[in-house]
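Below is one structure, written out as structure tokens, with a few remarks after it.
In this note's numbering, the protein residues as written are 1 to 97.
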């Protein structure tokens with residue numbers, strides 16, 4: 001699935017976020033923004049803001065707490081469960097050809 005389609009679904013509310021969701025960075029600008037998010041690292045949504053920003057935090061290595069929270073716009077991240085569904089659907093579409 002195209003990144004533009006995913007971004008459109010996030011903006012329209014078809015892909016939604018709630019506190020406690022696991023999210024991963026899936027989209028970056030050409031200049032690398034958001035630079036504070038690492039590739040392939042799962043973040044937890046700590047809070048939602050009304051202007052479309054999310055406060056996310058990475059779990060600490062000992063698993064007892066969280067590292068410094070990061071404020072990021074919602075179109076740069078996707079919930080892990082939606083990403084899994086998208087990948088499964090694309091695999092099923094390839095095998096049905």
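Glycine is no exception: its CB is placed at the ideal position from the N, C-alpha and C atoms.
Hey, is residue i close to the ligand ATP, as in C-beta under 7 Å from one of its heavy atoms?
| i | result |
| --- | --- |
| residue 47 | The ligand ATP is absent from the structure shown, which contains no ligand whatsoever. |
Tell me the DSSP secondary structure of residue i in three-state form.
| i | result |
| --- | --- |
| residue 88 | helix |
| residue 47 | strand |
| residue 56 | strand |
| residue 66 | strand |
One question on the structure: do residue i and residue j come within less than 8 Å of each other, judged by their Cβ atoms?
| i | j | result |
| --- | --- | --- |
| residue 44 | residue 57 | yes |
| residue 15 | residue 82 | yes |
| residue 69 | residue 46 | yes |
I'd like the span of the alpha helix (DSSP H) that includes residue i, first residue to last.
| i | result |
| --- | --- |
| residue 7 | 3 to 12 |
Assuming residue i contacts residue j (C-beta within less than 8 Å), just tell me the rounded distance between them.
| i | j | result |
| --- | --- | --- |
| residue 37 | residue 76 | 7 Å |
| residue 53 | residue 71 | 5 Å |
Counting along the chain, where does the beta strand (DSSP E) carrying residue i start and finish?
| i | result |
| --- | --- |
| residue 78 | 77 to 79 |
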